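Colleague: For reference, the structure I am asking about is given below.
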Amino acid sequence: MQEKTEKKNSKINIVPLIDIIFLMLVFFMLATNFDKSKKIDFSIDKRLGVGNQDEKILIIKIKDNNFHINNEKIAKKKFESKLLEFLKIKKFDKVLVLNDTQSTIESLIFTIDTLKKNNISNVSFTNDIKK
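Quick note: the sequence shown uses numbering that gives the first Met the number 0, first residue 0, plus one each step.
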């Protein structure tokens, strides 16, 4: 004779599982150390435009592979000596290099190398030269 096995009508009760998950969520939320966001202090110039109006800027133009320092045309061979001469005469806060789109990359690299070789920092570059 075969024994009859009774099937228990068993169901998984999910309510205690949800209770445990919520308890764990509350525990981790309380245990987590929330760091305050770090602040970066900076000031925005109130005037329109960028930079300080009293800032002395040396402008180097590379136009059609010709070099100009403050609108004075300079040969490539004399560029470094003239640059140092300008820097000796007047202390500049910033150097702005304007590169024409018709100029070669070699001219720009030559300018960057010359500035780097003479430890000139605070240099900005742009390729927007108005004719």
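In this text, a Cβ means the ideal position worked out from N, Cα and C, and glycines have one as well. Since this is a predicted model, take the numbers as computed values, not measurements.
In the DSSP assignment, find the alpha helix (DSSP H) that holds Lys116 and state where it starts and stops.
Modeller: As a working mapping, residue 116 is identified with position 117 in the sequence shown. Looking at the DSSP string, the run of the alpha helix (DSSP H) that includes Lys116 is Ile104 to Lys116.
Colleague: In the DSSP assignment, what residue or residues form a beta bridge with Leu95?
Modeller: Within the sequence shown, the letter at position 96 stands for residue 95. Leu95 is bridged to Ile58 and Ser123.
Colleague: Look at the alpha carbon of Thr31 and the alpha carbon of Ile20, and state the distance between them as a whole number of angstroms.
Modeller: What you label residue 31 is simply residue 32 of the sequence shown in a count that begins at 1. What you label residue 20 is simply residue 21 of the sequence shown in a count that begins at 1. Near 16 angstroms, if we compare the C-alpha coordinates of Ile20 and Thr31.
Colleague: Beta-carbon within less than 8 angstroms of Lys55's beta-carbon, same chain only, minus the 5 sequence neighbours each way: which residues are those?
Modeller: The residue you call residue 55 lines up with position 56 of the sequence shown. Once the five neighbours on either side are set aside, the close Cβ partners of Lys55 are Lys89, Lys90, Phe91, Asp92 and Lys93.
Colleague: Give every residue of the same chain whose Cβ lies closer than 8 angstroms to the Cβ of Thr103, excluding the five residues on either side of it in the sequence, and list them in chain order.
Modeller: Here the question's residue 103 lines up with position 104 in the sequence shown. Asn64.
Colleague: Who does Lys72 pair with in a DSSP beta bridge?
Modeller: The residue you call residue 72 lines up with position 73 of the sequence shown. Answer is His67.
Colleague: Who are the Cβ neighbours of Ile11 in its own chain at under 6 angstroms, not counting the five residues just before and after it?
Modeller: Counting from one through the sequence shown, the residue named residue 11 turns up at place 12. None.
Colleague: Where does Ser9 fall in DSSP's three states?
Modeller: What you label residue 9 is simply residue 10 of the sequence shown in a count that begins at 1. It is coil, neither helix nor strand.
Colleague: Please classify Phe66 as buried or exposed, where buried requires at least 16 other C-beta atoms within 10 Å of its C-beta.
Modeller: Within the sequence shown, residue 66 is the residue found at index 67, counting from 1. It is buried - the Cβ of Phe66 has at least 16 other Cβ atoms within 10 Å.
Colleague: Smallest Cα separation from Lys76: which of Thr113, Asp18 and Ile17?
Modeller: To locate residue 76, count along the sequence shown from 1; it is residue 77. When only C-alpha atoms are compared, the closest one is Thr113.
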